[in-house]
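J.: Can you keep this structure in mind? I'll have questions shortly.
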Amino acid sequence: MDAPDHRRGWLLMSTEGGSLYDDRLGIEYPYDSNVQNYKRLKQGDPIALWDGEQLLGISVIEDITSEAGTKTLYRCPECGRTRPNPPSTKNPQFRCSRPTCRKSFDTPVIETVEVTRYAAVYDAGWTSLDSLVNRDEIRPFLLKSASFNAIRELDWTAFENLLAAKGARRALGRIAARVPDLSYRLPTEPQIELAHGFNQSIVRVRRGQREFRRHILASQGSRCAFTGDAPPNALEAGHLYSYAQLGEHVEYGGLMLRRDIHRLFDDGLLSVEPTRLRIDVAPDLSTYPQYAALHDRELMTELRTGQAEWLDRHWQEHREASGFHRV
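According to my numbering, the sequence shown holds residues 320 to 646 in order.
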């Protein structure tokens, strides 16, 4: 493991909907054995996603899956470099990106190779920080600033200082609660309080999160318990308890929740009044019409006894203890 004063993290190029990698932003990041640094990504590594110009969000790798596959490579006919600049309207269309070559050509050399395809799953800890940090602000934290790879190493300890200064402490807290063998604290004392009312501590990565999601999705369907039907890729399996404290998945300890609803529930801004099983919207959130409209509504799914009990505990922690629920 890296020394406490320098923790490794990764800057991943997101090309959602593009032709290079079809990653699903906020859920998983695909790459293959032909990509630089592919061997170095590990479960528990913190990551930042960007589009080449702006930060998109941060998370931590919960799981890495792999399978055999193939990949089509496009090479410069002069030097063999596999990444010519994208086609343009100019003639010739392509130009080699290698500084010592720069050959222009109409037709690249096409080669199909066998690769191992990987997917780094990170949805459980994902927080969108769209445009919070720009390209020029990210560059100083790259350990190899001249690199143009899709997977680039970050000085995460220094990078999180920047994020904390820009107000992203809650996002950093979610990562801290999921990073294994944590040996550093969030920047600046004293320790901050995390969403479920516990101090930052050493916890485990969420092993089995994908299976937990499949279980909840199969029993509840493609529906957010608070807002109703939604596409599966907009839904997350939300724990009704602090996973970081309990450290295990409970059969009836979760609900499918829309991604924004999940974050607000974790933070205690949305809760469920346990007697009537109706949604309670915290005052801080009631100024937003789309969330204010949820107040006092019934849930959109039937609850198991275990789920109702966990919601009762959530209510006690975030409403009775704080005293800010509405009637």
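Glycine included, every Cβ here is placed at the ideal spot set by N, Cα and C. The model shown is predicted, which means the values in this text are computed figures rather than measured ones.
1. Go ahead and label Arg359 buried or exposed: buried means 16 or more other beta carbons lie within 10 angstroms of its beta carbon, across all protein chains shown.
2. With DSSP run on the structure shown, which of helix, strand or coil describes Leu392?
3. Whole-angstrom Cβ separation of Leu604 and Tyr610, contact assumed at under 8 Å?
4. Runs of 4 residues minimum, wholly inside the stretch 450-475: which ones carry the alpha helix (DSSP H) assignment?
5. Helix, strand or coil for Tyr610? Go by DSSP, reduced to three states.
6. Does DSSP classify Ile346 as helix, strand or coil?
7. Leu554 to Asn410, Cα distance in whole Å?
8. What is the DSSP secondary structure of Gly376, reduced to helix, strand or coil?
9. Return the CA-CA distance between Asn356 and Arg471, expressed in angstroms with no decimal places.
10. Which residue marks the beginning of the beta strand (DSSP E) containing Asp599, and which one marks its end?
11. Going by the CB atoms, is the gap between Glu479 and Leu461 shorter than 8 Å?
12. Do Leu630 and Val600 have their C-beta atoms within less than 8 Å of each other?
13. Inspect the beta-carbon positions of Leu473 and Gly328 and report whether they are closer than 8 Å.
14. Tell me the DSSP secondary structure of Trp634 in three-state form.
15. Return the CA-CA distance between Thr334 and Asp548, expressed in angstroms with no decimal places.
16. Could you compute how far the alpha carbon of Asn552 sits from the alpha carbon of Ile346?
17. Go ahead and label Cys398 buried or exposed: buried means 16 or more other beta carbons lie within 10 angstroms of its beta carbon, across all protein chains shown.
18. Give every residue of the same chain whose Cβ lies closer than 8 Å to the Cβ of Asp615, excluding the five residues on either side of it in the sequence, and list them in chain order.
T.: Checking against the coordinates, here is how it stands:
1. Counting every other CB atom within 10 Å of its CB across the protein chains shown gives Arg359 a total below 16, marking it as exposed.
2. In the structure shown, Leu392 adopts extended strand secondary structure according to DSSP, grouped into three states.
3. 5 Å
4. 454-457
5. The three-state secondary structure of Tyr610, taken from DSSP, is helix.
6. Annotated three-state conformation of Ile346 is coil, per DSSP.
7. 46 Å
8. strand
9. 8 Å
10. Taken as a continuous stretch (DSSP letters only), the beta strand (DSSP E) holding Asp599 covers 597-600.
11. no
12. Remark: C-beta atoms of Leu630 and Val600 do not approach each other more closely than 8 Å.
13. A contact, by the Cβ cut-off of 8 Å.
14. helix
15. 27 Å
16. 8 Å
17. When all chains shown are included, Cys398 counts as exposed.
18. Arg597, Ile598, Asp599
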